[in-house]
Structures are given as C-alpha cells and as structure tokens.
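>
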Amino acid sequence: MQQIVCLSAEPWRTVPTRTQQLMIRLKDAQVLFFEPPGRRWRQPGRQMRPGLTVFTLPPLPEVEPRHALLHRQRWRWLARPILRQMERHRFKEPLLWCTDPEQIHLLELLPHRGVVYDCDRDWFDLPPRWESDLALAADVVFAASPGLADHLSPCNDNIALLPNGVNFPMFTRTPADCPPELRGLTGPVLGYVGTIWPDLDLSPALRAARAMPDASFLFLGRRRDNPAADALERLPNVRFLGARRPVEVPDYLARFDVCLDFLRLDNLKNDILSPRLYEYLATGLPIVTLLPPDQVEPFPDVVYTAHTDEEFARLCRRALEETGSWARERRREHARQAAWSVRAGQVIRILRTIGLY
C-alpha cells in the first residue's frame, strides 16, 4: 500500500478540485489529505473513501518572508499536525504531493521518500523562487498545460503534461427528468455552466442573444458582480439559474443544444483547459468558445472557435445546424481519453517508472 501525504492548495469541496479528483482515484494508496488552514482544524479527520482522510491545518497569522525567523517558525507550527497524523497512521517516508509553491517550506520539515509537484495554475502572486525551488526539489512535475510545462522546464527535466479531466461516467449517464424550470422552454437552448466571474467576458453572449431572439440562453452557476451579466439579464431570452449540485448538472446539460464557453479577461494568456470544456465534450453537444487570436485551438476538429463577438454569434447559428453523429462521437472520445480515471492511471504509470509507486 502506497503512502501519500497530499498538501492541497484548496479545501475539500462539494465541487471536486483537480487534486480531489486525482487523489480519490489513486489505487492501492493510503492518502492523508491536508487542506489549508480553516475553521475545521479542531475536528477529527473526515474519511472520504477507504484510505483517504481529510485534515484541516490550524489557522495561523500570515508572516511576510522578510521576517525570516517568524516565517520559518510559522511553517514549523504548520508541520506539527502533519507529523502528528503521519505518526498516528504509521507513515514513515511517504510520497509528498505538493500543489502550491508555498509548500516548499514544508519539505525540510516532513520525512519523505519522494516529491511530486502538481502545477495547475500560474502562481504569479507568489515569489518566483518558491516555485522554482519546489520544481527543482520534485522528482516529477505534472503540468496542467503546455504553457505551464514550458514555464517550469528550466527547473526540472522530468515534467509530464497532465491536463484537467472529467468525471466521464457522471456526464455520460442517462439523464433524469427535465428540470422543472426548463420544461416550458421552446426553441433551441444555448447554455453555459460555471461561475460568472467579474472578469468573465460575456459580450459574445450578449451579441448572440440579441441576434437570436428565438433561442434561449441559460447560465448555470454562481453569479458574481459582472456588468455584462446585468445587461444579459434584461433580455427576454436569457435566464440565470444559479448554482446546482454537481450531480444535477448533467440533467441541465441534457437540455442544451449548444454549450458555450467564454474568456476571463484578467488572464488572456492562460492556456489551461478548464474541466468545464471536458464536461461539455462528454455530452457530445456542439461547443462554441472564444479564444485570443494567438492561442492554439485545443480541439479544432469538434469545437467551434471564434475570435470576435460577431464570429461567436455566427458560429452559434452554425452549431445549431450541425447534423450527423461523427462530431458528437468524436467529442465523447476526446472526453473518454480525458477521464479522471485515465489521468490517475497516467500518474501511477509515471510514478512507477521512477520507483515512487
């Protein structure tokens, strides 16, 4: 049985993170999953599956790195509950799974036989040296996109591309009955699933919704303050449905005719593919997305990619006219190859190759 100490950059969530999706699928492994400091730190560990227990680290005051002694002491305090649980579960030299450059400060405090750094974002808000040191210390680095792999390549020769994935069985199951609030819809339905962030560029949706008054545009997810969302809501063919439980999302997607994806303006150079895109692919439905002109199209054979608002509206109409089953089956095949179980299998094979599994 493999022993893994997972240092998560995010708390354990109802909507599973990348780290959760991978950890629950690592076979023959006992995982101690440590989420960031929070209110649950006094509670006992929560067992999420046999062999996977989640612990919350204690909240401690932030200390700026320039206060070197206090900064080191803070990380020693954070290491104590980890060491305590390792001793309790008889973890002697586990594999350390790191997800945040800050965790470089724990490496010298925790016994381990190997280090993995799983990089799923650009940590531009942290000192670059932390990430470079973590990548240098890692036995293998998993990068969620080619851009991240290139960014880390000077620090480690053993970098594996590991894009995000999808819970394939959940998004390909037979849908339940049509959700009540969608039963009265007539005409085609174009929809987006995900948080409406303040920087989410919804101008293409505004253009398309105005150009296609007979179609319904649905937005499923939490809504933050977004001026374009306010303008969209005033249109009679646009509805914001709010967030739904993850298990309910496929039932809403089953009512879509076209899936929509948009850019976040604060990070236009980001080439990381969201799990949302893989979830869309799993449905087989046409997908219309917007990309910056200089970004490589990820699935040019099955995704309608626009570069302007006008082109986005035009491709929405074309997507509704799609016929035949080839593109639908091809999308599902892309998603099947991106299933989280497949991603976890890739991780296991790589770790076995270097003697860490």
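All you need for the numbering used here is the position in the sequence shown, starting with 1, plus 115. Glycine included, each C-beta is placed from N, C-alpha and C at the ideal position.
(1) Give me the DSSP bridge partner(s) of C121.
(2) In the structure shown, what three-state DSSP assignment does A259 receive?
(3) To the nearest angstrom, how far is the alpha carbon of E296 from that of G357?
(4) With distances taken from CA atoms, which of L210, L241 and L222 is nearest R195?
(5) Look up Y232 in the DSSP assignment and give the residues it is bridged to.
(6) Are the region 291-306 and the region 407-415 touching by the rule of at least three beta carbon pairs closer than 8 Å?
(7) Excluding the 5 residues preceding and the 5 following T171 in the sequence, name in chain order all residues of the same chain whose CB lies nearer than 6 Å to its CB.
(8) Relative to the C-alpha of P401, which candidate in C374, R467, L147 and W245 has its C-alpha closest?
(9) I'd like to check one pair, R359 with Y367: are the Cβ atoms closer than 8 Å?
(10) In whole angstroms, what is the alpha-carbon distance linking G229 and M201?
(11) Going by DSSP, what residues sit across from Y419 in a beta bridge?
(12) Could you name the residues that DSSP lists as bridge partners for V364?
(13) With distances taken from CA atoms, which of N282, D316 and H266 is nearest N382?
(14) Taking P165 as the reference, give the member of L185, I139, L184 and G470 with the closest Cα.
(15) Which first and last residues belong to the beta strand (DSSP E) in which G460 is found?
(16) Quick one: what's got a C-beta closer than 6 Å to Q218's C-beta in the same chain, skipping five residues either side?
(17) Since D233 contacts W212 with CB under 8 Å, what's their CB separation in whole angstroms?
(18) What does the Cβ neighbour count give for L184, buried or exposed, with the cut at 16 atoms within 10 Å?
(19) Once you ignore the five residues that flank G399 on each side, which residues in its own chain have a CB closer than 6 Å to its CB?
(20) Using the Cα positions of A428 and M285, report the straight-line distance between them to the nearest angstrom.
(21) Would you list the residues sitting across from L184 in a DSSP beta bridge?
(22) With DSSP run on the structure shown, which of helix, strand or coil describes C374?
Considering the structure as presented:
(1) Locating residue 121 in the sequence shown gives position 6, counting from the first residue. F148 and W212.
(2) As a first step, residue 259 must be located in the sequence shown, where it is residue number 144. Taken through DSSP and simplified to helix, strand or coil, A259 comes out as coil.
(3) What you label residue 296 is simply residue 181 of the sequence shown in a count that begins at 1. What you label residue 357 is simply residue 242 of the sequence shown in a count that begins at 1. Going from the Cα of E296 to the Cα of G357 covers about 12 Å.
(4) If you number the sequence shown from 1, residue 195 lands on position 80. Residue L222 is the option with its Cα nearest to R195.
(5) On the sequence shown, residue 232 is found 117 positions in, with the first residue counted as 1. Per DSSP, the beta bridge partners of Y232 are C213 and V256.
(6) Not touching, per the Cβ criterion.
(7) In the sequence shown, counting from the first residue as 1, residue 171 sits at position 56. E150, G153, R155 and W156.
(8) By one-based count along the sequence shown, residue 401 stands at place 286. It is C374 whose Cα lies nearest to the Cα of P401.
(9) Here residue 367 refers to the residue found at position 252 of the sequence shown. Here residue 359 refers to the residue found at position 244 of the sequence shown. In terms of Cβ geometry, Y367 and R359 form a close pair [threshold 8 Å].
(10) Translated into the one-based positions of the sequence shown, residue 229 becomes position 114. Translated into the one-based positions of the sequence shown, residue 201 becomes position 86. Those two C-alpha atoms are separated by around 15 Å.
(11) Locating residue 419 in the sequence shown gives position 304, counting from the first residue. Answer is V403, bridged to Y419.
(12) Position 249 of the sequence shown, counting from 1, holds the residue named residue 364. BP columns for V364 are empty, so no partner.
(13) For this step, residue 382 is matched to residue 267 along the sequence shown. Comparing Cα positions, the closest option is D316.
(14) The count along the sequence shown starts at 1 and reaches residue 165 at position 50. Ranking the options by Cα distance to P165, first place goes to I139.
(15) Here residue 460 corresponds to residue number 345 of the sequence shown, with the count starting at 1. Unbroken run through G460 is the alpha helix (DSSP H), W455 to T468; no beta strand (DSSP E).
(16) Counted from its first residue, the sequence shown places residue 218 at position 103. The beta carbon of Q218 is closer than 6 Å to those of L122 in its chain, skipping five residues each way along the sequence.
(17) On the sequence shown, position 118 is the one that residue 233 refers to. On the sequence shown, position 97 is the one that residue 212 refers to. Their Cβ separation, rounded to whole angstroms, is 7 Å, which keeps D233 and W212 in contact under 8 Å.
(18) Sequence index remark: in the sequence shown, residue 184 carries index 69 (1-based). Classification of L184: exposed, given that the 10 Å Cβ count is below 16.
(19) Mapped onto the sequence shown, residue 399 falls at position 284. Cβ neighbours of G399 beyond the five flanking positions: R443, R446 and R447.
(20) Taking the sequence shown and counting its residues from 1, the one referred to as residue 428 is at position 313. Taking the sequence shown and counting its residues from 1, the one referred to as residue 285 is at position 170. Using only the alpha carbons, I get a separation of about 30 Å.
(21) Numbered from its first residue, the sequence shown carries residue 184 at position 69. In the DSSP secondary-structure assignment, L184 is not bridged to any residue.
(22) The residue given as residue 374 occupies position 259 in the sequence shown. Of the three classes helix, strand and coil, the one that applies to C374 here is strand, per DSSP.
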